[in-house]
Amino acid sequence: MKWYSIAKKDIKLMLKDPSAIVVLLLLPIMFITIMSLALSSTYGSVDAPIEIVYLDQDQTKMSDKYINRLQKIDGIMLKKTVSEKEGKKQIDKGKYPMFLIVPKAFSEELSKNGSITLKIYSDSMQKSTVSIFEQTIRGISKQFELESQLELYGVSQEKIIGNYLNGKIKELENRFDTPIDLASNTDNLVDGGLSESIKSSMNSILKKNVIKQEARTNNSSIVEPDTFQQNVPGYTVMFAFFIIMWAGKSFLSEKNNGTWDRIMISNISTAEVYLGKYVPNFLIGLLQVTLLFSFGHFAFGMGLGSSPISVGILSMALIICSTSLGMLISSIAKTDSQVTGVSLFIVLTSAAIGGTMVPLTVMPDFMQKIAKFVPQSWALEGYQNLIVRNQGFQSILPNILVLLSFSLVFLVVAFVFIRRAIKK
């Protein structure tokens, strides 16, 4: 039970340290509140191009022309997919915010001023981004529709004018039994016989919406994500890793005040030392994550998805990972400045790369690939699947396995360093 004494001592030290409580508990709450309220109306605005996957089911020159027109929109990059099933699958995985389907008969319906319904399948957790580009696509569609209809209208009116003039010419020639040149009177004939028809046709084109949009999310029963559903998981993941700073300072404090030397001569095993240092950091992390999610839920009404138990299981995996990393840093750092510097560098850099500060969907492809090598991205993706996409435990199982794999690596390396320290 020697590990229990070590753990109990560390918990008492934590509770007596106001700065630790502020950094691990109060600072995250203040940060979440201020940032969420400040960004509640602007969340989702981006400067980088957003990749949208599309499927052209019509495969005509007209549909290809429409796709090329969308390609020219600033901030959009279209990527083709092979099937509707594959496109929806990519949206469900959160790889793209929007999937656009140009239906069959697009060109045919456009040519006869019929009805076209573009299908838009979107990721509900990227609502703000999707909303912006839905409006943009709607505007481009109307412009394209009018241009196409006017072009077709012009061709049809040439035929009408030609038939009208030919009929008048034949009628006059038969009456007077002589060829008649109507070139000088063409404008008058057209103006007199067709002006009202032209105006009527033009008004009809302007009033009718030929190209419509049918928008669906990847989960029709999901509650629309708010700023707290976006920010609470992100900042919780980021601040959960601040435990590594406390773990490192705890080790150094014991080495400086002689406690570590007393532990070394007490004939305690490496496993007991390890467990005694691990448990209090894990419990503090558990308290931190529970407090932050409870704050978001009760203070601001943030939903926890359809499986709150899964949120708890994922949180346990996150805490195990952050605590394991804390053990690794504490076993390597030798000075207080090293603990602070290394901890801040690792926490802030990996948090930024992992998407806790800026959504991964707006990052370049190479950064999204790099994000797979930091645990924060896996934890955040898991929370988004549960809270925003309203999915179940099965969707976060890969995320939990990856977090535990990170933990195992951190634990093994930390165990080796602690064992060396005990043997010295």
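Remember, this note's numbering sits 62 above the position in the sequence shown when you count from 1.
Backbone N, C-alpha and C fix where the C-beta goes; we use that ideal spot for every residue, glycine too.
Small disclaimer: the values here were computed from a predicted structure and weren't measured.
Original post:
Cα-Cα, which of Ser368, Gly338 and Pro342 is closest to asparagine 447?
Top reply: Indexing the sequence shown from 1 puts residue 447 at position 385. Measuring from the Cα of asparagine 447, the nearest candidate turns out to be Ser368.
Subject >> Supposed close pair glutamate 113, leucine 180 - CB separation, criterion 8 Å >> reply: Numbered from its first residue, the sequence shown carries residue 113 at position 51. Numbered from its first residue, the sequence shown carries residue 180 at position 118. In fact, because the Cβ distance is near 18 Å, the residues do not count as touching under 8 Å.
Subject >> Given tyrosine 297 as reference, the closest of Tyr116, Ala414 and Ile371 once Cα atoms are compared >> reply: In the sequence shown, residue 297 corresponds to position 235, counting from 1. Nearest option by C-alpha distance: Ala414.
Original post:
How is leucine 180 classed by DSSP in three states: helix, strand or coil?
Top reply: For the purposes of this step, residue 180 is identified with residue 118 of the sequence shown, where counting begins at 1. Looking at leucine 180 - three-state DSSP - the assignment turns out to be strand.
Subject >> Residue nearest to valine 192 in terms of C-alpha spacing, selected from Phe168, Asn175 and Ile153 >> reply: Your numbering for residue 192 matches position 130 in the sequence shown. That would be Ile153, whose Cα lies nearest to the Cα of valine 192.
Original post:
Taking the C-alpha atoms as reference points, what is the distance between serine 384 and leucine 442?
Top reply: Along the sequence shown, one-based indexing puts residue 384 at 322. Along the sequence shown, one-based indexing puts residue 442 at 380. Serine 384 and leucine 442: Cα-Cα distance of roughly 13 Å.
Original post:
Quick one: is glutamate 207 buried, meaning 16 or more other Cβ sit within 10 Å of its Cβ, or exposed?
Top reply: Position 145 of the sequence shown, counted from the first residue, corresponds to residue 207. By the 10 Å Cβ count, glutamate 207 comes out buried.
Subject >> Residues of its chain near glutamate 209, where Cβ-Cβ distance is below 7 Å and the 5 sequence neighbours each way are ignored >> reply: Here residue 209 refers to the residue found at position 147 when the sequence shown is read from its first residue. So the list is empty, once near-sequence residues are dropped.
Subject >> Outcome for serine 331 when other beta-carbon atoms lying within 10 angstroms are tallied against a minimum of 16 >> reply: Residue numbering aside, residue 331 sits at position 269 when the sequence shown is read from its first letter. The residue in question, serine 331, is exposed, as its Cβ has fewer than 16 Cβ neighbours within 10 Å.
Original post:
Closest to threonine 198 by CA distance: which of Ile178, Ser173, Leu172 and Leu162 is it?
Top reply: Locating residue 198 in the sequence shown gives position 136, where the first residue counts as 1. Answer by Cα proximity: Leu162.
Subject >> Spatial distance of serine 283 from proline 295 (CA atoms) >> reply: Residue mapping note: residue 283 aligns to position 221 of the sequence shown, counting from 1. Residue mapping note: residue 295 aligns to position 233 of the sequence shown, counting from 1. Low per-residue confidence applies at serine 283: pLDDT is 41, beneath 50, and the placement is therefore not dependable enough to give any value.
Original post:
How many angstroms separate the CA atom of serine 103 from the CA atom of phenylalanine 362?
Top reply: Within the sequence shown, residue 103 is the residue found at index 41, counting from 1. Within the sequence shown, residue 362 is the residue found at index 300, counting from 1. A caution first: serine 103 carries a pLDDT of 44, below 50, which makes its placement in the model too unreliable to give a value.
Original post:
Would you say the segment 417-433 touches the segment 304-315, given that touching needs at least three Cβ pairs under 8 Å?
Top reply: no
Subject >> DSSP bridge partner residues for methionine 160 (one or two, in chain order) >> reply: Taking the first residue of the sequence shown as 1, we reach residue 160 at position 98. Looking at the DSSP assignment, methionine 160 forms a beta bridge with Ser184.
Original post:
With which residues is tyrosine 116 paired in a DSSP beta bridge?
Top reply: Position 54 of the sequence shown, counted from the start, is the residue given in the question as residue 116. Looking at the DSSP assignment, tyrosine 116 forms a beta bridge with Lys142 and Leu162.
Subject >> Same chain, Cβ closer than 6 Å to leucine 473, five either side skipped, listed in chain order >> reply: Counted from its first residue, the sequence shown places residue 473 at position 411. Closer than 6 Å at the Cβ level, and outside the excluded window around leucine 473, lie Ser386.
Original post:
Run through DSSP, which three-state label would glutamine 121 get?
Top reply: In the sequence shown, counting from the first residue as 1, residue 121 sits at position 59. Three-state DSSP puts glutamine 121 in coil, outside helix and strand.
Original post:
Where does lysine 151 fall in DSSP's three states?
Top reply: Here the question's residue 151 lines up with position 89 in the sequence shown. Three-state result, lysine 151: helix.
Original post:
Name the DSSP bridge partner or partners of isoleucine 199?
Top reply: Here residue 199 is taken as the residue at index 137 of the sequence shown, counted from 1. Paired residue(s): none; isoleucine 199 is not in a bridge.
Original post:
Between valine 115 and the rest of its own chain, which residues show a CB-CB distance below 7 Å, the 5 nearest in sequence each way excluded?
Top reply: For the purposes of this step, residue 115 is identified with residue 53 of the sequence shown, where counting begins at 1. Here the set comprises Lys141, Thr143, Gly149, Gln152, Tyr158 and Phe161.
Original post:
How many whole angstroms separate the CB atoms of asparagine 461 and leucine 376, which I take to be in contact at a CB cut-off of 8 Å?
Top reply: For the purposes of this step, residue 461 is taken as residue 399 along the sequence shown, with counting starting at 1. For the purposes of this step, residue 376 is taken as residue 314 along the sequence shown, with counting starting at 1. Confirmed, Cβ separation roughly 7 Å.
Original post:
Once you ignore the five residues that flank lysine 274 on each side, which residues in its own chain have a CB closer than 8 Å to its CB?
Top reply: Numbered from 1 along the sequence shown, position 212 holds the residue referred to as residue 274. Ser177, Ile178, Thr179 and Leu180, listed in sequence order.
Original post:
Cβ atoms of serine 392 and phenylalanine 290: under 8 Å apart, would you say?
Top reply: Here residue 290 refers to the residue found at position 228 of the sequence shown. Here residue 392 refers to the residue found at position 330 of the sequence shown. In this structure, serine 392 does not lie closer than 8 Å to phenylalanine 290 by Cβ.
Original post:
Taking leucine 353 as the reference, which of Gly374, Val420, Lys123 and Ile182 has the closest Cα?
Top reply: Here residue 353 is taken as the residue at index 291 of the sequence shown, counted from 1. Among Gly374, Val420, Lys123 and Ile182, the Cα nearest to that of leucine 353 is on Gly374.
Subject >> Backbone secondary structure at isoleucine 273 - three-state DSSP >> reply: Taking the first residue of the sequence shown as 1, we reach residue 273 at position 211. The answer is strand: DSSP assigns isoleucine 273 an E or B state.
Original post:
Considering only residues of the same chain and omitting the five flanking positions on each side of methionine 139, which have a CB-CB separation below 6 Å?
Top reply: For the purposes of this step, residue 139 is identified with residue 77 of the sequence shown, where counting begins at 1. Taken in chain order, the residues that qualify are Pro111 and Glu113.
**OP:** Within 10 angstroms of the Cβ of serine 169, are there 16 or more other Cβ atoms? Answer buried if so, exposed if not.
**Re:** Numbered from 1 along the sequence shown, position 107 holds the residue referred to as residue 169. By the neighbour-count rule (16 or more Cβ atoms within 10 Å), serine 169 is buried.
Subject >> Residues near alanine 167 in its chain [Cβ-Cβ closer than 6 Å; skip 5 each side] >> reply: As a working mapping, residue 167 is identified with position 105 in the sequence shown. Cβ within range, chain order: n/a, list empty.
**OP:** For threonine 397, count neighbouring C-beta atoms within 10 Å of its own C-beta (all shown protein chains included) and say buried if the count is 16 or more, exposed if not.
**Re:** On the sequence shown, residue 397 is found 335 positions in, with the first residue counted as 1. It counts as exposed.
Original post:
In three-state terms, what does DSSP make of alanine 395?
Top reply: Start at 1 with the first residue of the sequence shown, and residue 395 comes out as number 333. Coil, per DSSP.
**OP:** Kindly indicate the opening and closing residues of the alpha helix (DSSP H) around glycine 367.
**Re:** The count along the sequence shown starts at 1 and reaches residue 367 at position 305. Looking at the DSSP string, glycine 367 is not in any alpha helix (DSSP H), and its letter there is neither H nor E.
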